[in-house]
Amino acid sequence: MLPLNRETASINALLPLVLRHGSRELPDMTALNRRLKELYGARIDGSAGKRGEIQLVTLYCENLGDNYTLGGEQVLLSCAGLLNSVIFDPALENGSFKPQDVEIEKRNLEDQIDSLLNEKRQYATMRLKEEMCPNEAYGVCEFGRKEDVKGITPQKLFEAWQSMLKNARTEIFLLGPGESQQVEKLFADSFGSLGRDNVAEATTRVIKEAGEVKTIVERLPVTQAKLVMGLRTGAASPDNTDAMQLAIAILGGTPHSKLFANVREKMSLCYYCMSYFERQKGVVFIDSGIEEQNYEKARAEILHQLDELKAGNFSDDDMRFAKLSLQNSFTQVGDSLDSLGIYYLGQTLSGEIRTPEQAAEAIMSVTREAVISAASGILLDTVYLLAGNKEGE
Amino acid sequence: MIDFKEIRSERLNERVLYTRHKSGLDIYIAPKAGYSSQYAIFGTKYGSIDNRFIVDGETLSVPEGIAHYLEHKLFESEDGDAFSRYAQTGASANAYTSFDRTCYLFSSTSKFTESLEILLDFVQHPYFTAKTVEKEQGIIGQEINMYDDSPGWRVMFNLLGALYHTHPVKIDIAGTVDSISHITAELLYKCYNSFYNLGNMVLCVAGDVSPEDVIGVADRILKTAKPQQVEGIFEPEPMTIVKPRVEQQLSVSVPLFNFGFKDEPVTGSESAKKEALTDILLEVICGDASPLYRRLYDSGLINADFSMQYFNGRSFATTMIGGESHDPDAVMKEFLNETARLQKEGLPKSDFEMAKRAVYGRFAASYDSVENVANNIAGCRFMDTGMFDTIDEVAKADYDSASERLMSHFAPDRCAMSVISPIKE
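Chains A and B supply the protein sequences, listed in that same order.
Everything in the first sequence is counted per my numbering, starting at 9 for the first residue and increasing by one.
Everything in the second sequence is counted per my numbering, starting at 16 for the first residue and increasing by one.
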């Protein structure tokens, strides 16, 4: 969990990709992958992401539970050992990462940055964040910029690796069946030997005010226009964000929500129109795919529905249904390892760890007044429209 | 007392209960201890490929995309939509239309029987009027536009178009803005009455459920109707390809590719065996522990976005390899060279064993998810395979069968390439 900033985003994003190449013992990607295949197709992979203004560098191993193996093998401990060695004892050459590994992954990271353009819904949201937060770390892409990838050398990457191990806040998750003690000890020993007495806590700057509304139009050769709105709220972790989460669910988080019922079902303007709350940064996003000619209509209706929410024009049923929907999501968390991981990552970031049951209870006890009060703090900041090229351009 | 047949996998310690309900509906229940949620699917053997059929002696050709349109419209009834009903139980509801099936589903953690009642009830009560059909044009039109801009979606359909001469698998699931403009309430009723017959459908429930609860709701809500015979019409599809290469320009930075080998479609246990052997072979040929993968990766011909799958359903089957590349044709050439080499020199035995374990592990892990379990049962039921057939075929796969499959399946003259490239200025 590293501070997100323009200067280090690329080098941090490159780290998991290069580490994934092997360990001192298995210094070759193919050798490592062969070993993983033998362990019932286990997978070691890594990625970069962001939550608020924190850059997340993740390395993980997925493996079959020991109880499912054909010959009773102990897969978990072997896999934990491989993951541990990839992180702490990677494949090095002359005291640094192998130049060839670094070159390959620099190229891959550049492709990854380029490919952000490919899927337009994600691209539009990323562009909105850039336009909304040009002077905030939140506007920085979790993969960094292509021009920053170019200058990375094996030596610089090696230094970033050492600094990450020593100074970055780290959380370890073990999800699924199996004996945890030995796995815990393995990682505790590795981290314990590093002298981590200077661990930096990455924080997020929350801005509650929005200035004059910015509207950005970008043109690309596309069929469907993407409308994305970015809004600031008065609520962000570590403060209580339950009322805001519920307000955003009533607005556009379910098929019963105001946006779905009006922008889609009543006006037939779109296939999707949803709202999301990023509680780390205290921002809300609303996105939809529309005809460009309906842009003004869709924008006006979305803002109208937001005003309705602020004015308390929603029924007790609307509120109860949104609560039930969130309660259902929380109660399901334990049935999927992916959801468990995402859920508890969010909990560790917000500083206060609640079980999904506790989070559900908190949502169920939010009052109508609290929802209205939370909604009243929501301010439109930036509107981003990705639209097709105009004839003759 | 309900008479359940138990389908067991000792290896996975999983079991599924099956019964044919008195209404004619096949019901599968997979109770899973230690889970908090329930996942239910009510599906019909009717997908985007079923747009020509004979029913009651009448031959019908219906507009492309109608199965998907019907799925959207079924959520509406005279007094509101199914989503509002589900809102009362908190269940998370959805539906999807694929090439060969349409499934309505929900996932819940409380009020399960109430949600199941809603599911079984609304799917049995169509309500289509000129006005409600008209309203959906804009919504689905935007869904179609969204897919038209998606390079990952286009690259696959362009490949299917290069592989299939007549088979409707090459048609977009949602149809086109033009084709859906010809859909009427009357046509929707025709399709509904032809395919939404309990004998053509399945109910699958997985998770924290009691079989008695499921049957109790089924007894209350399911209406026995007279069986309906419907027969799909498919023109003969030759095993040749249409063209070896297709390219489309879209707004992308890195080109995307998908190439595939057309296969003879089969159903039943034969299909499970083909899938198992193909998955193992793909792992040997281009899995991330293979020499080919390493060469492609090191030389920058592929990046981490590289995948392969055996894409099969009722009446179609293709092996697909896809990803991003700055030189897609070189990737395909390398792949063909590698399969030719393996065909000549034989599969390394140790690689076969290693791939078998890896594929086994992947399949076994999928039983952890109630969503996967329920969807898998529905898929198997419509393909006439047993729900543990494929993983059993993986576990017992033998070297000789894999070698035979290697020789017969990867033929260059059955292979086509689809590329999405950046728009040239």
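Think of the CB as a built atom: it goes at the ideal place given N, C-alpha and C, for glycine as much as any other residue.
Since the structure is predicted, the reported quantities are computational estimates derived from the model, not experimental observations.
Checklist line | Rounded C-alpha distance that separates Leu27 (chain B) from Leu332 (chain A) | finding: Looking at the two C-alpha atoms, the distance is approximately 34 Å.
Notebook entry, point to check: Is any beta-carbon of chain A found at less than 7 Å from that of Lys150 (chain B)?
Noted result: Put simply, the CB of Lys150 (chain B) is near chain A, with a gap under 7 Å to one of its CB atoms.
Next item on the list: Identify the contact partners of Gln103 (chain B) in chain A, using a Cβ-Cβ distance below 9 Å as the criterion.
Entry: Asp325, Arg328, Phe329, Leu332, listed in chain order.
Notebook entry, point to check: Should Tyr50 (chain B) be flagged as near chain A, meaning a C-beta pair shorter than 7 Å?
Noted result: Chain A contact via Cβ: present.
Notebook entry, point to check: Under 8 Å Cβ-Cβ, which residues of chain A neighbour Ala370 (chain B)?
Noted result: Those within 8 Å of Ala370 (chain B) in chain A are Lys45.
Notebook entry, point to check: To which residues of the same chain is Val208 (chain A) closer than 6 Å at the C-beta, ignoring the five residues directly before and after it?
Noted result: The sequence given here has Ala at residue 208 (chain A), not Val. Contacts found: Asn175.
Notebook entry, point to check: For Pro183 (chain B), which three-state DSSP category applies?
Noted result: Correct three-state label for Pro183 (chain B): helix.
Note to self: Three or more C-beta pairs under 8 Å: does that hold for the region 111–118 of chain A against the region 47–54 of chain A?
What the structure shows: Verdict: no, contact absent.
Note to self: So Glu127 (chain A) contacts chain D; which residues on that side make the cut at Cβ distance below 8 Å?
What the structure shows: Of the protein chains in the structure, A and B, none is chain D.
Next item on the list: Leaving aside the five residues before and after Leu334 (chain A) along the sequence, list all residues of the same chain whose C-beta is less than 6 Å from its C-beta, in chain order.
Entry: The answer, listed in chain order, is Ala257, Ile371.
Next item on the list: Mark Ile310 (chain A) as exposed unless 16 or more other C-beta atoms lie within 10 angstroms of its C-beta, in which case mark it buried.
Entry: In the assembly as shown, Ile310 (chain A) is a buried residue. Its beta-carbon has 16 or more other beta-carbons within 10 Å.
Next item on the list: Could you check which residue in A:Arg28, A:Leu12, A:Thr38, A:Thr16 has the C-alpha nearest to that of Ala304 (chain B)?
Entry: For Ala304 (chain B), the nearest C-alpha among the options comes from A:Thr38.
Notebook entry, point to check: Where do the ends of the alpha helix (DSSP H) carrying Asn20 (chain A) lie?
Noted result: Residues 17–27.
Note to self: Among the candidates A:Glu101, A:Val291, A:Arg227, whose CA atom is the shortest distance from the CA of Leu235 (chain A)?
What the structure shows: Among A:Glu101, A:Val291, A:Arg227, the Cα nearest to that of Leu235 (chain A) belongs to A:Arg227.
Notebook entry, point to check: Among A:Gly260, A:Arg362, A:Glu127, A:Lys289, which residue has its Cα nearest to the Cα of Gly242 (chain A)?
Noted result: Among A:Gly260, A:Arg362, A:Glu127, A:Lys289, the Cα nearest to that of Gly242 (chain A) is on A:Lys289.
Notebook entry, point to check: How would you label Gly30 (chain A), buried or exposed, when you count the other beta carbons within 10 angstroms and need 16 or more for buried?
Noted result: Classification for Gly30 (chain A): buried.
Next item on the list: Please decide whether Met161 (chain B) counts as near chain A, where near means a Cβ-Cβ distance under 7 Å.
Entry: Chain A, which has a Cβ nearer than 7 Å to the Cβ of Met161 (chain B), makes this yes.
Note to self: Need the endpoints of the beta strand (DSSP E) that Ala356 (chain A) sits in, please.
What the structure shows: Here the sequence assigns Thr to residue 356 (chain A), which means Ala is not the residue at that position. For Thr356 (chain A), no beta strand (DSSP E) encloses it; the enclosing alpha helix (DSSP H) starts and ends at 345–358.
Note to self: So Arg309 (chain B) contacts chain A; which residues on that side make the cut at Cβ distance below 8 Å?
What the structure shows: Near Arg309 (chain B) (Cβ distances below 8 Å), the residues of chain A are Met37, Thr38.
Next item on the list: Evaluate Val225 (chain A) with the Cβ neighbour count: other Cβ atoms within 10 Å of its Cβ, from every protein chain shown; 16 or more gives buried, anything less gives exposed.
Entry: When all chains shown are included, Val225 (chain A) counts as exposed.
Next item on the list: Could you tell me which of A:Ala210, A:Ala383, A:Leu72 sits nearest to Phe322 (chain A), measuring between CA atoms?
Entry: Among A:Ala210, A:Ala383, A:Leu72, the Cα nearest to that of Phe322 (chain A) is on A:Ala383.
Margin query: If you measure between the beta carbons of Tyr119 (chain B) and Ala106 (chain B), is that distance less than 7 Å?
Written below: With contacts defined as CB atoms closer than 7 Å, Tyr119 (chain B) and Ala106 (chain B) fail to qualify as a contacting pair.
Checklist line | Same chain, Cβ closer than 7 Å to Gln355 (chain A), neighbours up to 5 away in sequence not counted | finding: Cβ within range, chain order: Ile361, Arg362.
Notebook entry, point to check: So Gly156 (chain B) packs on Val192 (chain B), CB below 8 Å; how close in whole Å?
Noted result: About 5 Å separates the Cβ atoms of Gly156 (chain B) and Val192 (chain B), confirming a contact at the 8 Å cut-off.
Notebook entry, point to check: What is the DSSP secondary structure of Gln170 (chain A), counted as helix, strand or coil?
Noted result: Three-state DSSP puts Gln170 (chain A) in a helix.
Next item on the list: Run the CB neighbour count on Thr255 (chain B), radius 10 Å, all protein chains shown included, and call it buried at 16 or more, exposed below.
Entry: It counts as exposed.
Margin query: Does chain B have any CB closer than 7 Å to the CB of Cys69 (chain A)?
Written below: At least 7 Å separates the CB of Cys69 (chain A) from every CB of chain B.
Item checked: Residue from B:Ser268, B:Ser24, B:Glu129, B:Ser209 whose Cα sits closest to the Cα of Lys241 (chain B) -> The candidate whose alpha carbon is nearest that of Lys241 (chain B) is B:Ser209.
Next item on the list: Give the range of the alpha helix (DSSP H) segment to which Ile154 (chain B) is assigned.
Entry: Residues 145–163.
Next item on the list: Would you mind giving the Cβ-Cβ distance between Met216 (chain B) and Leu40 (chain B), rounded to the nearest angstrom? I have them listed as a contact below 8 Å.
Entry: Contact annotation, Met216 (chain B) with Leu40 (chain B): C-beta distance approximately 6 Å; criterion of less than 8 Å satisfied.
Next item on the list: State yes or no: is the C-beta of Gln313 (chain A) within less than 7 Å of the C-beta of Lys266 (chain A)?
Entry: Yes, the Cβ-Cβ distance between Gln313 (chain A) and Lys266 (chain A) is below 7 Å.
Note to self: Please return the same chain residues whose Cβ sits closer than 8 Å to the Cβ of Ser268 (chain B), not counting the five positions on each side in sequence.
What the structure shows: Excluding positions up to five away in sequence, the list reads Pro437.
Notebook entry, point to check: Can a CB atom of chain B be found closer than 7 Å to the CB of Gly342 (chain A)?
Noted result: The C-beta of Gly342 (chain A) comes closer than 7 Å to at least one C-beta of chain B.
Notebook entry, point to check: Which residues in chain A sit within 7 Å of Arg377 (chain B), going by Cβ to Cβ distance?
Noted result: By Cβ distance, chain A contributes Gly49.
Next item on the list: Could you tell me the boundaries of the alpha helix (DSSP H) in which Cys206 (chain B) lies?
Entry: 200–210 is the span of the alpha helix (DSSP H), which, as asked, contains Cys206 (chain B).
Checklist line | 8 Å contact criterion, which Ala221 (chain B) and Val388 (chain B) should meet: CB distance rounded | finding: Between Val388 (chain B) and Ala221 (chain B) the Cβ distance is about 4 Å, and since that is below 8 Å, they are a contact.
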